[in-house]
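**Q**
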Amino acid sequence: MTTESSPTVFADRHIGARRQADVETMLKAVGYDSVDGLVDVAVPDSIRQSKPLALRAALSEVEVLAELRKLAGKNKTAVQMIGQGYYDTVTPAVIRRNILEAPAWYTAYTPYQPEISQGRLEALLNFQTMVQDLVGLPIANASLLDEATAVAEAVLMMRRANKNKAAHDGKTVLDIDVMPQTIAIVKGRAEALGFEVEVADLSLGLPEGAINGVVLQQPGASGRVFNHADAIAAAKERGALVTVAADLLALTLITPPGEQGADIAVGSTQRFGVPLFFGGPHAAYMAVAKGLERSMPGRLVGVSKDDAGLPAYRLALQTREQHIRREKATSNICTAQALLAIVSSFYAVYHGPDGLKAIAERVHTHARTLATALTAAGRTLTADTFFDTLTVSVPGKAATVIAAAEARGINLRHIDADTVGVSVDETTTPEVLSSVAVAFGAGPIGEAAGFELPADVLRTSDFMQHPVFNTHRSETQLLRYIRRLSDRDLALDRTMIPLGSCTMKLNATAEMEAISWPEFASIHPFAPDSQTVGWRELITGLEADLAEITGYDQVSLQPNAGSQGELAGLLAIRGYHRANGDTQRNICLIPASAHGTNAASAVLAGMKVVVVATAPDGTIDHADLNAKIETHRDALSAIMITYPSTHGVYDADVTEICDAVHAAGGQVYVDGANLNALVGLAQPGKFGGDVSHLNLHKTFCIPHGGGGPGVGPVAAKAHLAPFMPGDANKAAHEAGHGVAISASNYGSAGVLPISWAYVQLMGAEGLTEATKAALLAANYVAARLNEYFPVLYTGEGGLVAHECILDLRELTAKTGVTAEDVAKRLIDYGFHAPTLAFPVAGTLMVEPTESEDLAEIDRFINAMISIRKEIDQVADGDFTVENSPLRNAPHTASAVVNSDWTREYSREQAVFPVHHLKQDKYFPPVGRIDGAGGDRNLICSCPPLSDFEN
């Protein structure tokens, strides 16, 4: 492990404990003379790679940014009028700089500890309220991944929730005017789960047969806008549930789905201030009718109360999370697009209802103006009612029109040889309209004439009347509101976030810098290949580097979350078996300790989950594994293992497990959530894995953004390559493509420059050094804290991998102090808690990562030792657990200045348990929150708690 290197070497900035003296201190505590000696014991010889990674030498920050500038320069920006669910938009500078590019927002973790997440939870509650108001339904979630997969989630939800016996097992019907990429995604999900999907023109009525659910698009892919009320009523008479995929900007002018009788509304919020990003990340939404909220996938922000009786936000209905419900989960979605949802919500706050409506009216007027010019020139439109999109008939001349527009710097949608689509957006100008008209061979544009929205589709109800959307009109007000919310949170820019399994490490500013450059951010996912050379070169290079790092033959960056990467890998295994004629192979073995999304993803891939027991030492129980392999030998499809294991150790028998499964005809899925403990040391594609997903938002430095974005690419051996994810847009028009996982071919491409930059900055040596540093840090924490909180599982030599599980169960039995009490008490010390109660109830899983320096790690260790002394005070009877600083944590400023302080410990112990806090103190805005109360009384929309009470 290199130390005391030149400060120009990026690895020295990324790795926290880099001074030789610090490394020696940590090694002394662990009991080793060298880092390599520790690694040689911890990591089994059977999996160690034999040669260094074949990556190019590390570059400096200046060199990487120059390389990114070259790649960006190979992309060609254009006026994007392709539409198809993706629209150019203006991100207000105050939002771009102070949210999208602000570490207080993008380095935050999922708000599982709500007391230190009140700012982002309020912003997400604003998002939910915005969606609920616009779609006319009472409950919305806090975002999904993209519109196409949100529709797929709605389809699965309708299939679960439909209680009509005649309709329950019926087919799902998609209107022919649903976005083509959405149809492709739904068909892919349906094929794996074995239900029928029919695409029909619902303007002609419903098809025959039992129907479980119906999906409509408003406006349609063709641009058509019409009143869906009759179609929805007809579907309900047949016992079907109805989903409408709706454009939120259009809903400022047209009747919302809820008012027309829809059960579910889904869609994208991208055009609310989120750049195109070559396809993502963008926040989808879902809203449902009353009674369906407990079946809804994704996260839901609700209002409860804290221990002082004050309103407080939290994630509601958390028992739906996959790590609890596993194969019974309603969805494998465990993440969201929180950062992008927050951007969209602030866009709504910035513009307010009047501003949004004005944008919509301007967009519609521009579309009408263009329609007038085109029809005057003899062009035919497929629909005379539209919001922003025109579908124009140009028999035999589509390519000519497309080329003429492109020559003028404008991208139009090539539908087929005879048809062109044009979508107007917030950025469209009269000059652009004139150029488009000329490309079609039409005359100059004039005033809009005709093509008004018909009366039966016009919205008459108000929306977004809450003060939060009608107060922050000046930039000063909005800037202060943004700052006020961010000050309520603890993110990685303030403190170490020692979350096991979640890897909250440095998101370097240089890595982040390129994502908002127009040459990357302003590219449409369906832009011509000639305009995306730089993007595709970056993506191809990153895929090649990830293949080298993992030891696999092919990588797809399409999955836009870890759970989606899991699904992609399992669908590849399913496709492989079916191609070999082994259609009966549908059993997926999953260890009891695995990530909960594993089981949910296996079910979505059409597999049956069989759980393998865990041995007392935390490894897979070999007797149980072998018995289940024999029982299911002929039906065995795969085993899913996490390596290092979810228990934070390197199981020495992993190759033996892989061999046993392969011998039975199964495939090995290695969950790559813990790849940051392998990079440069071992390659899952070489020690037995057939396929893995990775988490770029963990190992490769994409920030978590308060719960998303994420990227979960899938890596596979050559025999599975033909079954890797296909392009949904192309699959909608051409045969021979693999199952699509996300709406755009490269998923959340917009954040890929971050991981590309990280790999280039670190190089092979730096990446390997980071892995070693992570192992040293975790073992240092384990060694220092073991006498206070026993480490539950260890591997060879009593060592752990990159994380360790602290076992509090015996302390809880003796004192009543729970792991949750410790998690909340850590807030008073200025820390985010480690991972609570996963993978073992009553424990805390700690991952310091390679990016924390010794001083910060020691600050955490000292906080934990201090908390152990407070637990001992309970054991010694100094105060009862109910009256202890642990059970009453976290302590707000208002609690400690209250003149009625009657607690059995001092105010100073409450908020200044260690001396340095007197100079650097974070006070949580609320006390401990009553989660159960919030679930019993579900409130999931504004008002915000602090600004509008009076």
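Residues are numbered in our numbering as their position in the sequence shown, beginning at 1, plus a constant of 409. Ideal Cβ placement from N, Cα and C applies to all residues, glycine included.
Could you pull out every residue in the same chain whose Cβ sits closer than 6 Å to the Cβ of ASP1262, ignoring the five residues on either side in sequence?
**A** The answer, listed in chain order, is GLY425, ALA426.
**Q** Using only alpha-carbon positions, find the residue among GLY909, ASN550, ALA848, ALA502 that is nearest to ILE742.
**A** For the residues GLY909, ASN550, ALA848, ALA502, the minimum Cα distance to ILE742 belongs to ASN550.
**Q** Give the list of continuous beta strand (DSSP E) stretches no shorter than 3 residues that lie fully inside the stretch 1204-1283.
**A** Within the stretch 1204-1283, the complete beta strand (DSSP E) runs of at least 3 residues are 1213-1216, 1252-1255.
**Q** Is DSSP giving THR959 helix, strand or coil here?
**A** Three-state DSSP puts THR959 in a helix.
**Q** Kindly provide the ranges of any alpha helix (DSSP H) runs that are 4 or more residues long and lie completely inside the stretch 990-1029, ordered along the chain.
**A** Complete alpha helix (DSSP H) runs here, min 4: 1005-1013.
**Q** Give every residue of the same chain whose Cβ lies closer than 6 Å to the Cβ of ALA566, excluding the five residues on either side of it in the sequence, and list them in chain order.
**A** The sequence given here places Met at residue 566; Ala does not occur at that position. Within the same chain, MET566 has close Cβ partners SER704.
**Q** If you draw a straight line from the alpha carbon of ARG729 to that of GLN522, how long is it in whole angstroms?
**A** Only weak support is given to the placement of ARG729: the predicted model assigns it a pLDDT of 49, under 50, and the question is left unresolved by the model.
**Q** Residues in its own chain within less than 6 Å of GLN679 by CB, not counting five upstream and five downstream?
**A** The residues are HIS691.
**Q** Roughly how many angstroms separate the alpha carbons of LEU867 and ALA575, rounded to a whole number?
**A** Their backbone Cα atoms lie some 35 Å apart in a straight line.
**Q** Which same chain residues end up closer than 8 Å to ASP1033 when comparing Cβ atoms and leaving out the 5 residues on each side of it in sequence?
**A** Within the same chain, ASP1033 has close Cβ partners VAL1021, ALA1022.
**Q** Return the residue from the list ILE456, GLU1256, SER713, ALA463 that minimises the CA-CA distance to ALA1191.
**A** Selected option, being the one with the closest Cα: GLU1256.
**Q** Which word fits ASP442, buried or exposed, when buried means at least 16 other C-beta atoms lie within 10 angstroms of its C-beta?
**A** Per the 10 Å Cβ criterion, exposed.
**Q** So who's on the other strand from ASP825, going by DSSP bridges?
**A** Bridge partners of ASP825: THR828.
**Q** If you compare alpha carbons, which of VAL697, ALA1130, LEU657 is closest to ALA988?
**A** For the residues VAL697, ALA1130, LEU657, the minimum Cα distance to ALA988 belongs to ALA1130.
**Q** Alpha carbon to alpha carbon, what distance is there between ASN1188 and GLY528?
**A** One C-alpha to the other measures close to 34 Å.
**Q** Locate the alpha helix (DSSP H) running through TYR515, then write down its first and last residues.
**A** Unbroken alpha helix (DSSP H) run through TYR515: 512-515.
**Q** Could you compute how far the alpha carbon of HIS423 sits from the alpha carbon of SER1260?
**A** Distance between the alpha carbons of HIS423 and SER1260: 6 Å.
**Q** For ASN1359, which of helix, strand or coil comes out of DSSP?
**A** Per-residue confidence for ASN1359 stands at a pLDDT of 38, beneath the threshold of 50, marking its modelled position as unreliable; the derived number appears in the next sentence. The answer is coil: DSSP assigns ASN1359 none of H, G, I, E or B.
**Q** Taking the continuous beta strand (DSSP E) assigned at LEU1103, which residues delimit it?
**A** Taken as a continuous stretch (DSSP letters only), the beta strand (DSSP E) holding LEU1103 covers 1100-1103.
**Q** Note down the Cα distance separating VAL964 from LEU1103, rounded to an integer number of angstroms.
**A** So the alpha carbons of these two residues sit roughly 10 Å apart.
**Q** Given HIS637, which residues of its chain have a CB within under 7 Å of its CB, disregarding the five upstream and five downstream residues?
**A** LEU625, GLN627, VAL653, GLN669.
**Q** Indicate, with yes or no, if the ligand ATP has a heavy atom lying under 7 Å from the CB of ILE1038.
**A** In the structure shown, the ligand ATP is absent, as is every other ligand, since no ligand is present at all.
**Q** In the DSSP output, which residue or residues are listed as bridge partners for ASP584?
**A** Its beta-bridge partners are ALA609.
**Q** With a cut-off of 8 Å on the beta carbons, I'd call GLU562 and LEU1170 a contact; round off their distance for me.
**A** 36 Å between Cβ atoms; not a contact.
**Q** Starting from the Cα of ALA750, find the closest Cα among GLY978, LEU534, VAL1323 and give me that residue.
**A** Nearest of GLY978, LEU534, VAL1323 to ALA750, Cα basis: LEU534.
**Q** For the alpha helix (DSSP H) containing ALA717, name the first residue and the last one.
**A** Element bounds for ALA717: n/a, residue is neither H nor E.
**Q** Mind checking GLU556: buried by the 16 CB within 10 Å criterion, or exposed?
**A** Burial call: buried.
**Q** Could you check the C-alpha separation between ASP586 and TRP1165 for me, to the nearest Å?
**A** Whole-angstrom Cα-Cα distance: 37 Å.
**Q** Tell me which residue opens and which closes the beta strand (DSSP E) that THR1051 is part of.
**A** Unbroken beta strand (DSSP E) run through THR1051: 1045-1051.
**Q** Could you check what DSSP says for SER704 in three-state terms: helix, strand or coil?
**A** Three-state result, SER704: helix.
**Q** Give me the Cα-Cα distance between ALA1250 and LEU480, rounded to the nearest whole angstrom.
**A** Whole-angstrom Cα-Cα distance: 48 Å.
**Q** Should SER459 be labelled buried (16 or more other beta-carbon atoms within 10 Å of its own) or exposed?
**A** SER459 should be labelled exposed.
**Q** Taking a contact to mean a Cβ-Cβ separation below 8 Å, would you say ALA919 touches VAL418 in this structure?
**A** No, they are not a contact pair.
**Q** Could you pull the DSSP bridge partners for TYR1078 from this structure?
**A** DSSP lists MET1049, VAL1100 as partners of TYR1078.
**Q** So the beta strand (DSSP E) GLY622 belongs to, where does it begin and stop?
**A** GLY622 -> beta strand (DSSP E) spans 620-627.
**Q** Inspect the beta-carbon positions of GLY1135 and SER972 and report whether they are closer than 8 Å.
**A** No. Outside cutoff.
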